[in-house]
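Asks: Handing you this structure, nothing more for now.
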Amino acid sequence: MSTVELPTRLPRWLLVRRGKSLPVERMRLRLAAYVYGGILVLGAIAVANGETIADGHAALVVAATTATTYLAHVLAHRVGEQIGRPRGTERDHWRQEARDSTPILFAGVTPTIVLLLPTVTSLPTEAA
Numbered sequence: 232m233s234t235v236e237l238p239t240r241l242p243r244w245l246l247v248r249r250g251k252s253l254p255v256e257r258m259r260l261r262l263a264a265y266v267y268g269g270i271l272v273l274g275a276i277a278v279a280n281g282e283t284i285a286d287g288h289a290a291l292v293v294a295a296t297t298a299t300t301y302l303a304h305v306l307a308h309r310v311g312e313q314i315g316r317p318r319g320t321e322r323d324h325w326r327q328e329a330r331d332s333t334p335i336l337f338a339g340v341t342p343t344i345v346l347l348l349p350t351v352t353s354l355p356t357e358a359a
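Residues in the sequence shown are numbered consecutively from 232, following the working numbering.
Given below as structure tokens:
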């Protein structure tokens, strides 16, 4: 796997591991996970309204969408990557896939917090 210079327009947490540039394929996987997670989170946000924001339901839907998308993504890659891999390498791949899928979590954390603020503070639902 080859590496490339870090593009400046992408966040470093998406591209770097312990100060080193990631292989291009892993960068692609992380970026795809971020975009994939963002699209599904936006779909969950689209059904939010003032009432669901005020009672915390919108934040719960976004958090659940984020978590289940992450788990489904990791599981799907885990199952698919078993094809053609030697026995005994599953554990290392499992950790790598879980790490490379964390951008899905990043895509959902901020919207979840923003949608939760009106429930726990005096922030108006329109602001969220």
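Idealized CB from N, CA, C, for every residue including glycine.
#1: To the nearest angstrom, report how far apart K251 and G281 are at their CA atoms.
#2: Verify whether the separation of the beta carbon atoms of V278 and L346 is less than 8 Å.
#3: Bridge partners for P334 per DSSP, in chain order?
#4: DSSP state of P317, grouped into three classes?
#5: Leaving out five residues before and five after A290 in sequence, what residues of the same chain have Cβ atoms less than 7 Å from its Cβ?
Replies: Short version:
#1: For this step, residue 251 is matched to residue 20 along the sequence shown. For this step, residue 281 is matched to residue 50 along the sequence shown. Approximately 44 Å between the Cα atoms of the pair.
#2: Position 47 of the sequence shown holds residue 278. Position 115 of the sequence shown holds residue 346. Against a cut-off of 8 Å, the Cβ pair of L346 and V278 comes out as no contact.
#3: Within the sequence shown, numbered from 1, the residue matching residue 334 stands at position 103. Per DSSP, none; premise fails for P334.
#4: Position 86 of the sequence shown, counted from the first residue, corresponds to residue 317. Coil at P317, not helix or strand.
#5: Sequence index remark: in the sequence shown, residue 290 carries index 59 (1-based). Hits under 7 Å: T343, L346, L347 and T350.
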